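Numbering (the working numbering), first residue to last: 533 to 1006.
For every residue, glycine included, the Cβ atom is placed at its ideal position computed from N, Cα and C.
Since the structure is predicted, the reported quantities are computational estimates derived from the model, not experimental observations.
Structure (C-alpha cells):
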C-alpha cells in the first residue's frame, strides 16, 4: 500500500454522535490493523473479522453501518470468488448493509461482478485514504437516507391506519375480507370465528363501516365477561329502582345500537340461563328493560364473535342451537397470524410506527434479522400479541434500526424450553399455567377453568390480559 495508506488522513470533523460501527473483513493482520487505525482516526468504531465465516457470524449478532470486504482469502488468493460469495452472504443476512469490496487484484470484470452480487462500491489496493473515507461516508449517508425514507413510509402507513385501513395481504385474509365486503350492504347477522387475538373486533368495526348503517352507532360488548347478575341490565338496560344499586334509568346496549350495529364478542361463553333472553331479541328485536314491563324494539344488525368450536359447544349443550342458527346467518373464520405470513412484517411495521408515535419517538426500521425472527415465531397470541411485542420493541429500540434481540421473542414459549422460574414474574407464571391448562384439556375452556380453580369468565379475562388464545379443541 502507498504512504497515504498509513498517514495524512483528512482532517476529521467534530462529531457529537456516538462512533459509527464498521466491519472490516481481512485475513492479512497488518492490512486489517491499518484499516482499523484509519477508521478510528475518523471517529468510526471498527471490528475485524479474519474470515468469511467470522464475518457472517458478526453480521448476525451486531448492527453495522457498513462493511469493507477483501475479495481474496486463504482458499483462493487471486480470483475474488470467496469475496463474491461473502458479499452475497452479507447481503442476504442484512440487505440494506453497504458493502465496499476491496482487492489488490482489481479488474473491470471483478468490479462489475462484485456490484452485481450486492457491493455498493469497489476500492483497489493500495487505497487512498481520502477516497476510501469519502466512499465510506457517502455509502453510510445513502444508507441513512434510505432508512429515513422507510421511516416516512411507516409514518404514511400510520396515517392510513388512522383513516381505518388495515393489513390484509395474505390470501387467507384477503378471501375473508372480500367475503365480508360482499355481504356488508345487507342486514344479515354475521358470526366471526377465530382464535383470540385474530382481529375479530377490528373486522366487526370494518363491517359496520362498509354497511349502510355506518352513520349510526357501532356498539360493542364482551358478553363473556358479563357477570350473570348484570347481563340483562347491560344488554337491555334497567329502570330506576329495578335493583338495589339502580339509582337512575339506564339504556342497554341494544337500545344504544338502534339503527346501527351491535358487536357481541365471545358469544359462545354466554351461560345457558342468559341465552333464552338473548334469543328473543335476536329473533324479533323486542326486549324489556330490567324492572319494566314496557316492550321496546331495536333495529340492530348483529355481529357476534367467538374463539370456540361451536359444534362442540352445541354437543355439550352449552350453546343453544336455535340461538346459534339465528346469529350465524353468515359465518366466517378469521385465520390465525401463523397462517398469514405475508401480513406479519407489514403489521409489525404498522404497530411499530403507531407505538413510536404514541411515545413521541422516531419509528425504527426493522432489520432483516428482526423480520426473519418475526416470521419464525409462532404467535400464539396472534395479532394482539404482535401489537404488544412491537409496542415493547418501540420502547427498547436503541437506534434507527431494530435488531432481532430487541424484539425479545425468546423465552416466550416458542422454543418449548422450560423457563427459569427464579427469573419468572408472577404475570409470566400465570400466563404459562393458563397455557398449559388449555393444552392439557384440548382448548376446552370450562375444563381448564375448573383445573385452575377459577370461573370461565375469569379465565376469559385472563386470556385477554395476557394476549393468549385457546388451542382448537380436540
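query: Going by alpha carbons, who is nearest to residue 928 out of 981, 574, 806 and 897?
result: Here residue 928 corresponds to residue number 396 of the chain shown, with the count starting at 1. When only C-alpha atoms are compared, the closest one is 897.
query: Excluding sequence positions up to five away, which residues of its chain have a Cβ less than 8 Å from the Cβ of residue 761?
result: For this step, residue 761 is matched to residue 229 along the chain shown. Closer than 8 Å at Cβ, skipping near neighbours: no residue.
query: Excluding five sequence neighbours on each side, which residues of the same chain lie with their C-beta closer than 8 Å to the C-beta of residue 993?
result: One-based indexing of the chain shown puts residue 993 at position 461. Here the set comprises 757.
Length of the line joining the Cα atoms of residue 911 and residue 870: Here residue 911 refers to the residue found at position 379 when the chain shown is read from its first residue. Here residue 870 refers to the residue found at position 338 when the chain shown is read from its first residue. In a straight line, the C-alpha of residue 911 is about 6 Å away from that of residue 870.
- request: Could you spell out the range, first to last residue, of the alpha helix (DSSP H) harbouring residue 940?
  value: For the purposes of this step, residue 940 is taken as residue 408 along the chain shown, with counting starting at 1. No residue range can be given for residue 940, since it is assigned to no alpha helix (DSSP H) and is classified by DSSP as neither H nor E.
Residues sharing a beta bridge with residue 635, DSSP: Numbered from 1 along the chain shown, position 103 holds the residue referred to as residue 635. Beta-bridge partners of residue 635 (DSSP): 656.
query: Tell me which same chain residues have a C-beta within less than 8 Å of the C-beta of residue 675, skipping the five on either side of it?
result: Along the chain shown, one-based indexing puts residue 675 at 143. Result list for residue 675: 597, 598, 628, 629 and 630, in chain order.
task: Only counting runs of 4 or more residues, tell me where the alpha helix (DSSP H) segments fall wholly within the segment 694–766, in order along the chain.
output: Counting whole runs of 4 or more residues, the segment 694–766 contains the alpha helix (DSSP H) stretches 703–715 and 732–742.
field: Enclosing beta strand (DSSP E) for residue 602 [first to last residue]
entry: Position 70 of the chain shown, counted from the first residue, corresponds to residue 602. Under the DSSP assignment, residue 602 falls in the beta strand (DSSP E) whose first and last residues are 598–602.
query: Nearest-angstrom Cα distance between residue 558 and residue 604?
result: Position 26 of the chain shown holds residue 558. Position 72 of the chain shown holds residue 604. Inter-residue distance for residue 558 and residue 604 is about 9 Å (C-alpha atoms, whole angstroms).
message: I'd like the list of long-range same chain contacts for residue 590, defined as Cβ closer than 7 Å, with 5 residues on each side in sequence excluded.
response: Here residue 590 corresponds to residue number 58 of the chain shown, with the count starting at 1. In chain order, 555, 579 and 581 place their CB closer than 7 Å to the CB of residue 590, counting only its own chain and leaving out the 5 sequence neighbours on each side.
query: What do you reckon, are the CB atoms on residue 916 and residue 704 nearer than 8 Å?
result: Here residue 916 is taken as the residue at index 384 of the chain shown, counted from 1. Here residue 704 is taken as the residue at index 172 of the chain shown, counted from 1. No. Outside cutoff.
query: Can you give the Cα-Cα distance for residue 779 and residue 968, rounded to whole angstroms?
result: For the purposes of this step, residue 779 is taken as residue 247 along the chain shown, with counting starting at 1. For the purposes of this step, residue 968 is taken as residue 436 along the chain shown, with counting starting at 1. Looking at the two C-alpha atoms, the distance is approximately 44 Å.
task: Identify, in the order they occur along the chain, each residue of the same chain with its Cβ nearer than 7 Å to the Cβ of residue 814, setting aside the five sequence neighbours on each side.
output: Counting from one through the chain shown, the residue named residue 814 turns up at place 282. Same-chain partners within the cutoff: 834, 855, 858 and 859.
query: Starting from residue 555 and walking both ways along the beta strand (DSSP E), at which residues does that stretch end?
result: Position 23 of the chain shown, counted from the start, is the residue given in the question as residue 555. Counting along the chain, residue 555 sits inside the beta strand (DSSP E) bounded by residues 552–557.
Residue 538 classed as buried or exposed, judged by whether at least 16 other C-beta atoms fall within 10 angstroms: Numbered from its first residue, the chain shown carries residue 538 at position 6. Confidence at residue 538 is low in this model, with a pLDDT of 36, below 50, so the placement of that residue should be treated as unreliable; the coordinate-derived value is given next. By the beta-carbon neighbour count (other beta carbons within 10 angstroms, threshold 16), residue 538 is exposed.
message: Taking 8 Å as the limit between beta carbons, can you name the residues of its chain near residue 913, skipping five residues before and five after?
response: Reading the chain shown from its first residue, position 381 is the one you call residue 913. Once the five neighbours on either side are set aside, the close Cβ partners of residue 913 are 728, 729, 920, 998, 999, 1000 and 1001.
query: Can the beta-carbon of residue 661 be found less than 8 Å from the beta-carbon of residue 569?
result: Counting from 1 along the chain shown, the entry for residue 661 is found at position 129. Counting from 1 along the chain shown, the entry for residue 569 is found at position 37. Against a cut-off of 8 Å, the Cβ pair of residue 569 and residue 661 comes out as no contact.
- request: Take residue 946 and list the residues in its own chain whose beta-carbon comes closer than 7 Å to its own, dropping the five residues that flank it on each side.
  value: As a first step, residue 946 must be located in the chain shown, where it is residue number 414. With a pLDDT of only 38 at residue 946, under 50, the local geometry of the prediction cannot be trusted, and the value read off the model is given with reservation. Answer for residue 946: 909 and 910, listed in chain order.
message: Going by C-alpha to C-alpha distance, which of 634, 601 and 635 sits closest to residue 621?
response: As a first step, residue 621 must be located in the chain shown, where it is residue number 89. For residue 621, the nearest C-alpha among the options comes from 601.
task: Report back the beta-carbon spacing between residue 745 and residue 792 to the nearest angstrom; my notes put them in contact at under 8 Å.
output: Mapped onto the chain shown, residue 745 falls at position 213. Mapped onto the chain shown, residue 792 falls at position 260. With a beta-carbon spacing of about 5 Å, residue 745 and residue 792 fall inside the 8 Å limit used to define contacts.
- prompt: For residue 836, which of helix, strand or coil comes out of DSSP?
  reply: Within the chain shown, residue 836 is the residue found at index 304, counting from 1. Collapsing the DSSP output to three states places residue 836 in a strand.
- request: Please look up how many angstroms separate the CB atoms of residue 820 and residue 807, rounded, as I've assumed it's under 8 Å.
  value: Looking up residue 820 in the chain shown gives position 288. Looking up residue 807 in the chain shown gives position 275. Not confirmed; about 17 Å, so no contact.
task: Let me know if residue 668 comes out buried or exposed under the rule of 16 or more other beta-carbons within 10 Å of its beta-carbon.
output: Start at 1 with the first residue of the chain shown, and residue 668 comes out as number 136. Label assigned to residue 668: buried.
task: Out of 656, 983, 606 and 699, state which residue places its alpha-carbon closest to the alpha-carbon of residue 875.
output: Position 343 of the chain shown, counted from the first residue, corresponds to residue 875. For the residues 656, 983, 606 and 699, the minimum Cα distance to residue 875 belongs to 699.
field: Through-space distance from residue 981 to residue 995, alpha-carbon basis
entry: Within the chain shown, residue 995 is the residue found at index 463, counting from 1. Within the chain shown, residue 981 is the residue found at index 449, counting from 1. When rounded, the distance between both Cα atoms is 11 Å.
message: Can you tell me whether residue 829 is helix, strand or coil according to DSSP?
response: Indexing the chain shown from 1 puts residue 829 at position 297. In the structure shown, residue 829 sits in a strand (DSSP, three-state: E or B).
message: Let me make sure I understand the geometry here. Which of 941, 752, 673 and 893 has the alpha-carbon closest to that of residue 907?
response: Counting from 1 along the chain shown, the entry for residue 907 is found at position 375. Looking at the Cα atoms, 941 is the closest of the given residues.
message: Let's see if you can read the secondary structure: which residues bound the beta strand (DSSP E) around residue 780?
response: Looking up residue 780 in the chain shown gives position 248. It is not in any beta strand (DSSP E) - residue 780 carries neither H nor E in the DSSP assignment.
- prompt: Taking just the CA atoms, how far does residue 552 sit from residue 800?
  reply: Counting from one through the chain shown, the residue named residue 800 turns up at place 268. Counting from one through the chain shown, the residue named residue 552 turns up at place 20. Linking residue 800 to residue 552 through their CA atoms gives a straight-line distance of about 56 Å.
query: With C-beta atoms as the reference, is residue 664 less than 8 Å away from residue 655?
result: Here residue 664 is taken as the residue at index 132 of the chain shown, counted from 1. Here residue 655 is taken as the residue at index 123 of the chain shown, counted from 1. It is a contact, given that the beta carbons lie within the stated cut-off.
message: Rounded to whole angstroms, what is the Cα-Cα separation between residue 678 and residue 740?
response: For the purposes of this step, residue 678 is taken as residue 146 along the chain shown, with counting starting at 1. For the purposes of this step, residue 740 is taken as residue 208 along the chain shown, with counting starting at 1. Roughly 39 Å separates the two Cα atoms.
Helix, strand or coil at residue 579 [DSSP, three-state]: On the chain shown, residue 579 is found 47 positions in, with the first residue counted as 1. In the three-state reduction of the DSSP assignment, residue 579 falls in the strand class.
message: Going by C-alpha to C-alpha distance, which of 759, 782 and 775 sits closest to residue 769?
response: Here the question's residue 769 lines up with position 237 in the chain shown. Cα-wise, what sits closest to residue 769 is 782.
- prompt: Does DSSP put residue 824 in a helix, in a strand, or in coil?
  reply: Residue 824 sits at position 292 when you count from the first residue of the chain shown. The three-state reading of DSSP puts residue 824 in coil, since its state is none of H, G, I, E or B.
- request: Could you check if residue 529 is buried or exposed, using at least 16 other CB atoms within 10 Å of its CB as the buried criterion?
  value: Because the chain is modelled from 533 through 1006, residue 529 falls outside the range shown and cannot be assessed.
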